[in-house]
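Below: the structure, in structure tokens.
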Amino acid sequence: MESGFGSDFGSAGGAGGKLDAGLIMEQVKVQIAVANAQELLQRMTDKCFRKCIGKPGGSLDNSEQVSGGPVWRRRRRGGPRGGRSGAAALQKCIAMCMDRYMDAWNTVSRAYNSRLQRERANM
Numbered sequence: 651m652e653s654g655f656g657s658d659f660g661s662a663g664g665a666g667g668k669l670d671a672g673l674i675m676e677q678v679k680v681q682i683a684v685a686n687a688q689e690l691l692q693r694m695t696d697k698c699f700r701k702c703i704g705k706p707g708g709s710l711d712n713s714e715q716v717s718g719g720p721v722w723r724r725r726r727r728g729g730p731r732g733g734r735s736g737a738a739a740l741q742k743c744i745a746m747c748m749d750r751y752m753d754a755w756n757t758v759s760r761a762y763n764s765r766l767q768r769e770r771a772n773m
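Under our numbering, residues 651 to 773 are what the sequence shown spells out, in order.
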């Protein structure tokens, strides 16, 4: 009797039990892309949490509860507005931080890819 693992592994590559190198490369590329996306999200979450939530705890402190408090004031253009709740200000801070982080990441990524293409063309 043949083990399930051996027969599945051997038949994955098609004719003669050989693995398709192209298929493996595509799977590795997908795994790398997923890992990069997870790392980007983790870094963005960490950075924006530190920027927008000064003192995490069981409840928001005064700077996070009051509209236009120190954490929020640094991130908003045009000064404090009346009527905005602390939760809404915090939500907007996080959204703006994430937007800026993604914009910066996209800019750096485009510049990096452009440079790689120029370097490859010069080889």
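A virtual CB, placed ideally from N, CA and C, is assigned to each residue, including glycine.
Buried or exposed: Ser764, going by 16 or more other Cβ atoms within 10 Å of its Cβ?
-> Its Cβ having fewer than 16 others within 10 Å, Ser764 is exposed.
Grab the span of the alpha helix (DSSP H) containing Lys753 for me, first residue to last.
-> The sequence as given places Asp at residue 753; Lys does not occur at that position. Start and end: 736-772.
So what's Lys701 in DSSP terms, helix, strand or just coil?
-> In the structure shown, Lys701 adopts helical secondary structure according to DSSP, grouped into three states.
Neighbourhood of Gln741 by C-beta distance below 8 Å, restricted to the same chain and skipping five residues each side = Counting only Cβ-Cβ distances below 8 Å, and skipping sequence neighbours, we find nothing.
Between Val758 and Arg768, what straight-line distance do the alpha-carbon atoms span, to the nearest angstrom?
-> About 15 Å.
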